[in-house]
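So in full-length UniProt numbering, spot 200 of the sequence shown is number 200, and the numbers just go up one at a time. Glycine included, every Cβ here is placed at the ideal spot set by N, Cα and C.
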Amino acid sequence: MAGVLDSVNQRTQLVGQNRLELLLFRLNGSQLYGINVFKVKEVLQCPKLTIMPKSSPVVRGVASIRGGTIPILDLSMATGKAPLKNLDNSFVIITEYNTKVQGFLVHSVERIVNMNWEGIHPPPKGTGRDHYLTAVTHLDQQLVEIIDVEKILAEVAPTSEVISEGVLDQQVQAKAVTKRVLTCDDSSVARKQVTRCLQTVGVEVVALNDGRQALEYLKAMVEEGKNPAEEFLMLISDIEMPEMDGYTLTAEIRADPRMQKLHIILHTSLSGVFNQAMVKKVGADDFLAKFRPDDLASRVVERINMVDQG
1 MAGVLDSVNQ
11 RTQLVGQNRL
21 ELLLFRLNGS
31 QLYGINVFKV
41 KEVLQCPKLT
51 IMPKSSPVVR
61 GVASIRGGTI
71 PILDLSMATG
81 KAPLKNLDNS
91 FVIITEYNTK
101 VQGFLVHSVE
111 RIVNMNWEGI
121 HPPPKGTGRD
131 HYLTAVTHLD
141 QQLVEIIDVE
151 KILAEVAPTS
161 EVISEGVLDQ
171 QVQAKAVTKR
181 VLTCDDSSVA
191 RKQVTRCLQT
201 VGVEVVALND
211 GRQALEYLKA
221 MVEEGKNPAE
231 EFLMLISDIE
241 MPEMDGYTLT
251 AEIRADPRMQ
261 KLHIILHTSL
271 SGVFNQAMVK
281 KVGADDFLAK
291 FRPDDLASRV
301 VERINMVDQG
């Protein structure tokens with residue numbers, strides 16, 4: 001598997017062009033799955049695993065990799081299927097989400113494909129609420145399912161959603177009730193996390209599923225003669241989304257004089273040094289790593305105080 005991944009620097013040129021690269025893999029069976037290459041640090045043959053007592057059944061063990069101990073999650077079990085067998089012939093995809101490193105156990109790794117976010121679509125209606133898909137696409141007349149990793153991680157190792165004492169005060173919360181925040185994220189788990197955090201601050205939340213939906217919502221607003229910068233305290237957008245990513249959404253907003261003053265925070269589980277550079281390139285106001293309730297609440301508090309002073 002050596003050489004299957006090039007350096008992240010070579011891939012940053014895709015960012016901002018509404019493009020992504022997917023690493024394709026299989027679990028039990030012939031179904032193809034995909035994960036964004038930006039989340040992937042390394043792919044390797046399944047190393048020796050040490051069983052961890054009292055851990056989630058999804059965690060098949062921990063592995064010592066490059067001087068660190070990393071939990072290895074069986075992606076088949078995590079999505080409600082049978083556990084993977086024959087670990088000696090399986091692979092581990094080492095990923096970084098929300099600043100945490102973990103490995104995903106898969107049966108086989110296929111290849112990397114270059115895609116356009118416009119070709120990535122939300123899961124079909126009728127799949128219910130219990131599925132683990134964040135998006136789907138088609139490749140060579142075959143369906144590729146993109147797994148909602150944030151939902152899996154939230155179930156295996158839940159993140160605290162509590163805002164620490166001292167981050168909020170009654171004065172700010174009194175101001176917050178008159179404010180609205182627009183959010184968009186394709187992960188249902190991420191949407192709920194952000195919404196609950198913002199509601200704790202006290203603002204009203206409008207939550208949408210992807211960048212294209214958000215852009216159409218804002219365009220409809222300006223067609224009615226409204227100014228999004230006056231209607232919303234800010235837009236908090238994920239970067240990775242089907243149809244239109246957060247970078248492209250930001251660039252589209254900045255290119256339209258009717259909405260270009262909307263305050264935009266890009267909120268993502270993507271890691272990497274390119275993020276800050278891309279924030280400036282597309283014209284976002286800030287970048288925030290998922291999911292840190294104190295940081296998110298603090299940004300909203302700062303913005304409330306700034307607007308009230310201005």
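With 16 or more other Cβ atoms inside 10 Å of its own Cβ, leucine 215 counts as buried.
The UniProt domain "CheW-like" (19-158) is shown to contain whole alpha helix (DSSP H) runs of 4 or more residues at 75-78, 149-156, in chain order. The beta carbons of alanine 251 and valine 282 sit closer together than 8 Å. Taking glutamine 213 as the centre and dropping the five residues before and after it, the same chain places the C-beta of Cys184, Glu243 closer than 8 Å to its C-beta, in chain order. Membership of alanine 229 in the alpha helix (DSSP H) is indicated by the continuous run 228-231. For valine 194, DSSP assigns no beta-bridge partner whatsoever. Residue environment: glutamine 102 is assigned as buried (16 or more neighbouring CB atoms within 10 Å of its CB, all protein chains considered). In the three-state reduction of the DSSP assignment, glutamate 252 falls in the helix class.
Two segments are said to touch when three or more pairs of C-beta atoms, one from each, lie closer than 8 Å; by this definition the stretch 79-98 touches the stretch 44-53. Aspartate 295 and glycine 67 have their C-alpha atoms some 30 Å from each other. For the pair histidine 107 and leucine 84, the CB atoms are nearer than the 8 Å cut-off. Put simply, the backbone Cα of isoleucine 94 is about 14 Å away from that of glycine 61.
In the DSSP annotation of this structure, the continuous segment of the alpha helix (DSSP H) that includes leucine 218 starts and ends at 211-223. The beta carbon of glutamine 199 sits closer than 8 Å to those of Val205, all from its chain and outside the five residues before and after it, given in chain order.
Taking 8 Å as the cut-off, the Cβ atoms of leucine 20 and tyrosine 97 do not count as close. Closest by C-alpha distance to glutamine 141, out of Leu133, Thr159, Gly119, is Gly119. Residues Asn28, Ser76 of the same chain have their beta carbon placed closer than 7 Å to that of alanine 82, with the five preceding and five following residues left out of the count. By the Cβ criterion, the stretch 283-303 is in contact with the stretch 262-270, since at least three pairs of Cβ atoms, one from each stretch, lie closer than 8 Å. Secondary structure of arginine 303 (DSSP, three-state): helix. Exclusion of the five residues before and after glutamate 145 leaves Tyr33, Leu133, Val136 as the residues of its chain whose Cβ lies within less than 6 Å of its Cβ.
Secondary-structure assignment with DSSP links isoleucine 236 through a beta bridge to Thr183, Ile265.
Short of 8 Å from the beta carbon of leucine 24, and not among the five residues preceding or following it, lie these beta carbons of its own chain, in chain order: Leu32, Tyr33, Gly34, Val109, Glu110, Arg111, Ile112, Val113, Leu139, Val144.
A direct Cα-Cα distance of roughly 30 Å separates valine 58 from serine 237. By the C-beta density criterion, glutamine 309 is exposed, having fewer than 16 other C-beta atoms within 10 angstroms.
Under DSSP, leucine 288 takes part in a beta bridge, and its partners are His267. As computed with DSSP, leucine 208 is found in a beta bridge with Cys184.
Around the beta carbon of threonine 248, a 10 Å sphere encloses 16 or more other beta carbons of the protein chains shown; the residue is thus reported as buried. Annotated three-state conformation of glycine 283 is coil, per DSSP.
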